[in-house]
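Participant: Residue numbers (the working numbering): 1438 to 1692.
We put the CB at the ideal spot given by N, CA and C, even for glycine.
A single structure is presented below for examination.
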Amino acid sequence: MPLSKNKIKEIRRLEQKKFRHTDRLFIAEGPKTIGELLAVSPPKTIIATSQWLCENSVPGSTEVIEVGQEELQKVSLQKMPQQVLGIFPFFTEKTAEEICQLAEKELCLVLDGIQDPGNLGTIIRIADWFGIRHIICSCDSVDVYNPKTIQATMGSLARVNLTYTDLATIIGSLPRHIPVYGTVLDGDNMYEIPLSKQGLIVMGNEGNGISKEIQTLLTHRILIPNYPPQSETAESLNVAIATAIVCAEFRRPTC
1438 MPLSKNKIKE IRRLEQKKFR HTDRLFIAEG PKTIGELLAV SPPKTIIATS QWLCENSVPG
1498 STEVIEVGQE ELQKVSLQKM PQQVLGIFPF FTEKTAEEIC QLAEKELCLV LDGIQDPGNL
1558 GTIIRIADWF GIRHIICSCD SVDVYNPKTI QATMGSLARV NLTYTDLATI IGSLPRHIPV
1618 YGTVLDGDNM YEIPLSKQGL IVMGNEGNGI SKEIQTLLTH RILIPNYPPQ SETAESLNVA
1678 IATAIVCAEF RRPTC
């Protein structure tokens, strides 16, 4: 099947959030990302070079369009497209009840107002690395299906579920025994307090941190201390870097 002008238009419109959410479809590119997603979700469409198609199998229900490198460039959102582009359906989000059940038995990340698509994609990779399978995002956080976010995940979205919801409602409905950790500048040194193996870890907006409303719902206010203590250092850490540091400490084996 040739790559028609209508098909190019149909795919390129998914660069915009309103069309992604109308169609419930998103774009993924590159052998690594496509390979990871193929393992968990059949794509609607695959547009790929003959080399990629010869080396990979695609579900029979998928529309397959073989193209050359020049044709792939016409539909790709990347400056240097890599062999394959796929159109995938949105993943299913968790219900409020499911989130509460998950928080009782495992660690989940909560993202309050994350705006940068690269940061979100990197945080998804971090969650994947540290075995955190669920991320709850505030409704004003950047769209996980933004092409820049998808690219930054490097396929980790295949193993990490994201749900967008009202954080205050979800956190406020949790049983009191479920810990809710949040990174704040006046928190307790996270290296000096016991950390749970279940509950929520809240990470805040790049510029403003955790919103005041959500801060009132935290049960544990934690701090990543600078070094040496009380010295003049950077004002703050990038939220993705901070997430990696916090997740690493929560996963540290205890004696």
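Of the residues I1502, A1533, C1684 and D1577, which one's Cα is nearest the Cα of G1609?
Facilitator: As a working note, residue 1609 is residue 172 in the sequence shown. When only C-alpha atoms are compared, the closest one is A1533.
Participant: Using 10 angstroms around the beta-carbon of N1663, count the other beta-carbons present and answer buried if the total reaches 16, otherwise exposed.
Facilitator: As a working mapping, residue 1663 is identified with position 226 in the sequence shown. By the 10 Å Cβ count, N1663 comes out exposed.
Participant: Given a threshold of 16 other Cβ atoms within 10 Å of its Cβ, counted over all protein chains shown, does Q1520 qualify as buried or as exposed?
Facilitator: The residue you call residue 1520 lines up with position 83 of the sequence shown. Classification for Q1520: buried.
Participant: DSSP has R1596 in a bridge; who is on the other side?
Facilitator: The residue you call residue 1596 lines up with position 159 of the sequence shown. BP columns for R1596 are empty, so no partner.
Participant: If you reduce the DSSP assignment to three classes, tell me which class P1468 lands in.
Facilitator: Counting from 1 along the sequence shown, the entry for residue 1468 is found at position 31. It is helical.
Participant: Just tell me which of G1497, V1504 and E1466 has its CA closest to the CA of L1514.
Facilitator: The count along the sequence shown starts at 1 and reaches residue 1514 at position 77. When only C-alpha atoms are compared, the closest one is E1466.
Participant: Could you give the residue range of the alpha helix (DSSP H) that holds G1523?
Facilitator: Locating residue 1523 in the sequence shown gives position 86, where the first residue counts as 1. Careful: G1523 lies outside any alpha helix (DSSP H), inside the beta strand (DSSP E) at V1521 to P1526.
Participant: I need the straight-line Cα distance from N1645 to P1690, nearest angstrom please.
Facilitator: Working through the sequence shown from its first residue, we reach residue 1645 at position 208. Working through the sequence shown from its first residue, we reach residue 1690 at position 253. So the two alpha carbons sit approximately 32 Å from each other.
Participant: Which whole-angstrom value describes the C-beta separation of L1522 and I1464, a residue pair presumed to lie in contact below a C-beta threshold of 8 Å?
Facilitator: Within the sequence shown, the letter at position 85 stands for residue 1522. Within the sequence shown, the letter at position 27 stands for residue 1464. With 8 Å as the limit, L1522 and I1464 qualify as a contact, their Cβ atoms being about 7 Å apart.
Participant: Quick one: what does DSSP say F1463 is sitting in, helix, strand or coil?
Facilitator: The sequence position of residue 1463 within the sequence shown is 26, counting from 1. Residue state, collapsed to three classes: strand.
Participant: Could you have a look at I1630 and say whether DSSP puts it in helix, strand or coil?
Facilitator: Here residue 1630 corresponds to residue number 193 of the sequence shown, with the count starting at 1. Here I1630 sits in coil by DSSP.
Participant: Excluding the 5 residues flanking S1575 on each side, which residues of the same chain have their C-beta closer than 6 Å to its C-beta?
Facilitator: In the sequence shown, counting from the first residue as 1, residue 1575 sits at position 138. Only D1549, G1550 and L1604 meet the Cβ criterion.
Participant: Take the Cβ of A1685 as the centre, count every other Cβ of all protein chains shown within 10 Å, and call the residue buried at 16 or more, exposed below.
Facilitator: Locating residue 1685 in the sequence shown gives position 248, counting from the first residue. With fewer than 16 Cβ atoms within 10 Å of its Cβ, A1685 is classed as exposed.
Participant: Between which two residues does the beta strand (DSSP E) harbouring R1658 extend?
Facilitator: On the sequence shown, residue 1658 is found 221 positions in, with the first residue counted as 1. Per DSSP, R1658 belongs to the beta strand (DSSP E) from H1657 to L1660.
Participant: To the nearest angstrom, report how far apart D1460 and A1589 are at their CA atoms.
Facilitator: Sequence index remark: in the sequence shown, residue 1460 carries index 23 (1-based). Sequence index remark: in the sequence shown, residue 1589 carries index 152 (1-based). Rounded to the nearest angstrom, the two C-alpha atoms are 22 Å apart.
Participant: For the alpha helix (DSSP H) holding D1565, just list the boundary residues, first then last.
Facilitator: As a working mapping, residue 1565 is identified with position 128 in the sequence shown. That run of the alpha helix (DSSP H) goes P1554 to W1566.
Participant: Report yes if the CB atom of V1547 is closer than 8 Å to the CB atom of L1611, and no otherwise.
Facilitator: If you number the sequence shown from 1, residue 1547 lands on position 110. If you number the sequence shown from 1, residue 1611 lands on position 174. No, the Cβ-Cβ distance between V1547 and L1611 is not below 8 Å.
Participant: Taking the continuous beta strand (DSSP E) assigned at C1537, which residues delimit it?
Facilitator: Numbered from its first residue, the sequence shown carries residue 1537 at position 100. It is not in any beta strand (DSSP E) - C1537 instead sits in the alpha helix (DSSP H) that spans A1533 to K1542.
Participant: How many angstroms separate the CA atom of P1616 from the CA atom of L1451?
Facilitator: In the sequence shown, the residue the question calls residue 1616 occupies position 179. In the sequence shown, the residue the question calls residue 1451 occupies position 14. Taking the straight line joining both Cα atoms gives about 38 Å.
Participant: Please determine, among I1630, G1592, N1675 and A1681, the residue with the shortest C-alpha to C-alpha distance to S1727.
Facilitator: What is shown of the chain runs 1438 to 1692, which leaves residue 1727 out entirely.
Participant: Quick one: give me the first and last residue of the alpha helix (DSSP H) that I1607 is part of.
Facilitator: Looking up residue 1607 in the sequence shown gives position 170. Counting along the chain, the alpha helix (DSSP H) containing I1607 begins and ends at L1604 to G1609.
Participant: Which whole-angstrom value describes the C-beta separation of K1481 and P1526, a residue pair presumed to lie in contact below a C-beta threshold of 8 Å?
Facilitator: As a position in the sequence shown, residue 1481 is number 44, starting the count at 1. As a position in the sequence shown, residue 1526 is number 89, starting the count at 1. At roughly 6 Å, the Cβ-Cβ gap stays under 8 Å, so K1481 and P1526 are in contact.
Participant: If you draw a straight line from the C-alpha of S1673 to the C-alpha of V1501, how long is it?
Facilitator: In the sequence shown, the residue the question calls residue 1673 occupies position 236. In the sequence shown, the residue the question calls residue 1501 occupies position 64. Going from the Cα of S1673 to the Cα of V1501 covers about 47 Å.
Participant: What is the rounded straight-line gap between the Cα of V1683 and the Cα of P1518?
Facilitator: Walking along the sequence shown from the start, residue 1683 turns up at place 246. Walking along the sequence shown from the start, residue 1518 turns up at place 81. Approximately 34 Å between the Cα atoms of the pair.
Participant: Among residues of its own chain, excluding the 5 on either side of I1471, which ones have a beta-carbon nearer than 7 Å to its beta-carbon?
Facilitator: Your numbering for residue 1471 matches position 34 in the sequence shown. Answer for I1471: A1465, V1521 and G1523, listed in chain order.
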